[in-house]
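First up is the structure itself, then whatever we jot down about it.
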Amino acid sequence: HSLKDALQKSYTAMEANISVMRHRLSELKGQIINGCRNILADFRERGTVALNGITQFLHVRPVLESIQSAAEKSMQASNRAVARIDAFSTEYHEMGRHFKNMGRTLQGKPAETDAKENGKIARVFKGAFKVEGALISSINRNAEWALNTLARLEQTTERRPSVLEAMREQVAKTEPAKKQPAPSHDKESR
């Protein structure tokens, strides 16, 4: 396998992962817009009770998880591409050292023991993949942050009782008291 083929495969894989993430973000946007319309309609009908469970209704968690998964795959592809570039560059310089040593042996000179460091071309190729990896890493961190925030919101809504429910319970408690006859203040009825 040549370096060119490996880089092309890595580029194609990253392009596909980015396309998948873009598609999922587009889906998420559409789901949020449609969900907001439904939530507003439900809020008008039922009040604040309708706001419980919004995140499940909007299907935000599965989309964020799929974005995070695609970002992780893309980061792995980027890391593999950088590793391939390093391996190819190292082999290339080792091969150059062997050729030089063959010439040095024919001239009667001692062999060199150290190969050259990775060159500018390898750094340029690796730089592109490292920048792409940093961007994907940022997407991954943001997706993870959003998932953690979503989990905290879900826990908060589970712990916090509904205000409307509390008001209904309070009304239910006060209604039996209203049905009892009021104490009479005149002396004859005692």
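Going by the UniProt record's numbering, the sequence shown opens with residue 1, and the numbers climb by one from there. In this text, a Cβ means the ideal position worked out from N, Cα and C, and glycines have one as well.
Simplified DSSP assignment, three categories, for residue i
i    : result
S138 : helix
N38  : helix
K109 : coil
K173 : helix
E117 : coil
S74  : helix
S69  : helix
H59  : coil
S2   : coil
Whole-Å CB distance - residue i paired with residue j, under 8 Å assumed
i    : j    : result
A13  : A77  : 4 Å
S74  : I121 : No, S74 and I121 are not in contact; Cβ-Cβ is about 24 Å, not under 8 Å.
G133 : N79  : 7 Å
C-alpha gap between residue i and residue j, whole angstroms
i           : j    : result
D114        : L135 : 35 Å
E94         : N142 : 41 Å
G119        : R84  : 14 Å
D5          : E27  : 33 Å
N101        : L3   : 25 Å
S89         : N38  : 57 Å
T149        : E91  : 46 Å
V131        : R168 : 56 Å
residue 225 : C36  : Absent from the model: residue 225. The displayed extent of the chain is 1 to 190, so no value can be given.
K173        : A166 : 11 Å
Q8          : E15  : 10 Å
residue 191 : T105 : One cannot answer for residue 191 here, as it falls past the ends of the chain, which runs 1 to 190.
S69         : Q155 : 23 Å
F43         : S138 : 35 Å
K109        : F125 : 35 Å
V171        : L153 : 28 Å
S10         : G103 : 37 Å
E144        : M21  : 14 Å
Any C-beta of chain D under 7 Å from that of residue i
i    : result
R168 : The structure shown has no chain D; it contains just one protein chain.
Contact check, residue i vs residue j, beta carbons under 7 Å
i    : j    : result
L40  : L147 : no
F129 : A81  : yes
R24  : I67  : yes
E112 : R97  : yes
Check your understanding: For the 8 Å Cβ check, are there 3 or more pairs between the region 21 to 39 and the region 59 to 67?
Key -> yes
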